[in-house]
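Heads up, the sequence shown is in the working numbering, so the first residue is 417 and it goes up one at a time. Glycine included, C-beta positions come from ideal geometry on N, C-alpha and C. One structure is given here, and the rest of the page talks about it.
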Amino acid sequence: MKKYLTFLRSLLKDRPYVKFVYMTGILPIAKYSSGSELNMFAEYTMAGEERFSEYFGFTEQEVDELYERYQERNKNALKVSREGLKLWYDGYNTQSGEKLYNPRSVVMALSNNNLHYVLADSFWTF
């Protein structure tokens, strides 16, 4: 972890080419960073920060719209049900109670016409 934080610091801290950085992933920088080595980060969680929660996943309505497109394109060979998507990919609720789906998982399942692609892998990978 220390090597990774050192790498981030050398890449981002006080560099004239960095105006704004948006990073995603699961890395609690504040927890592992001591002092001011990476004090320029503001961390937001997917479920805990209501003002950004709409950007962290697909809503029920968005998944419904994607599923309708999927049905139109795969009329005779549907291997993914809407219930299956809900069962496997509605991973969390926002602070306001809205269900959000993992975007990558939904897109991969509908693009590949199966739920098994993601089931073999962790369904929370991005």
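Can you tell me whether residue i is buried or exposed? The criterion is at least 16 other CB atoms within 10 Å of its CB, across all chains shown.
i: residue 522; result: buried
i: residue 535; result: For residue 535, the pLDDT reaches just 49, beneath the cut-off of 50, and the residue's location in the model is therefore unreliable, leaving the point undetermined.
i: residue 528; result: exposed
i: residue 513; result: exposed
i: residue 433; result: exposed
i: residue 483; result: buried
For residue i, name the three-state secondary structure that DSSP assigns.
i: residue 530; result: coil
i: residue 483; result: helix
i: residue 508; result: strand
i: residue 438; result: coil
i: residue 494; result: coil
i: residue 460; result: coil
i: residue 433; result: coil
i: residue 466; result: helix
i: residue 454; result: coil
Name the DSSP bridge partner or partners of residue i?
i: residue 474; result: 517
Among the options, which residue has its Cα nearest to the Cα of residue i?
i: residue 494; options: 481, 515, 421, 531; result: 531
i: residue 501; options: 490, 439, 474; result: 474
i: residue 526; options: 454, 426, 499; result: 499
i: residue 455; options: 507, 496, 428, 520; result: 428
i: residue 510; options: 421, 471, 519, 466; result: 466
i: residue 524; options: 424, 503, 438, 496; result: 496
Which whole-angstrom value describes the C-beta separation of residue i and residue j, a residue pair presumed to lie in contact below a C-beta threshold of 8 Å?
i: residue 505; j: residue 517; result: 5 Å
i: residue 478; j: residue 515; result: Their Cβ separation, rounded to whole angstroms, is 11 Å, which puts residue 478 and residue 515 out of contact at 8 Å.
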